Amino acid sequence: MFDDVHLHPMEEIMQAVSTDFECEPLEVNGEADHIHLLVNFPPKTAVTKPVNSLKGVSSRQLRQELDDLTRHYWRANKLWSGSYFAGIVGGALLSGVKQYIEQRSRRR
């Protein structure tokens, strides 16, 4: 369901919410049914807090701003599933993960 129309505002939302948690999004991209988000966040922050906020805020704002998402997800009244994957990377792996996310194809 996601394409450039959805991913551009999503990136802005992710940036704003991440700042609230003293996090820094390094890369954001997505595919039709999910997004990839590479974030640098302080070790004092439990990963569940920014993830839950990112999902909640982006779901609410995107459904308010984009009618096609409201029509598609009206019954569930949410945009995201309850699950997510979080992993830790650093050093040389960081550039590889960033490149992987950059190369995800966006539908136009």
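According to our numbering, the sequence shown is numbered sequentially starting from 1136.
Every residue gets a Cβ at the ideal spot worked out from N, C-alpha and C, and that includes glycine.
Note that the coordinates shown come from a computational prediction; the quantities given were computed from them, not determined experimentally.
query, result
"Would you call the CB atoms of A1151 and V1186 closer than 8 Å?", "no"
"With C-beta atoms as the reference, is E1237 less than 8 Å away from E1157?", "no"
"Using CA coordinates, which residue listed in D1203, I1223, L1214, V1182 is at the minimum distance from R1195?", "L1214"
"Under DSSP, the beta strand (DSSP E) around V1163 begins and ends at which residues?", "1159 to 1165"
"Kindly list the residues whose CB is nearer than 8 Å to the CB of T1180, restricted to its own chain and excluding five residues on each side of it in sequence; keep chain order.", "F1156, E1157, C1158"
"CA-CA distance, F1137 and G1226?", "30 Å"
"Alpha carbon to alpha carbon, how far is E1200 from I1223?", "32 Å"
"Pick helix, strand or coil for H1141, following the three-state DSSP scheme.", "helix"
"Can you have a look at H1143 and say buried or exposed, based on whether 16 or more other CB atoms are within 10 angstroms of its CB?", "exposed"
"For a test of the three-state rule: what should DSSP assign to L1172, helix, strand or coil?", "strand"
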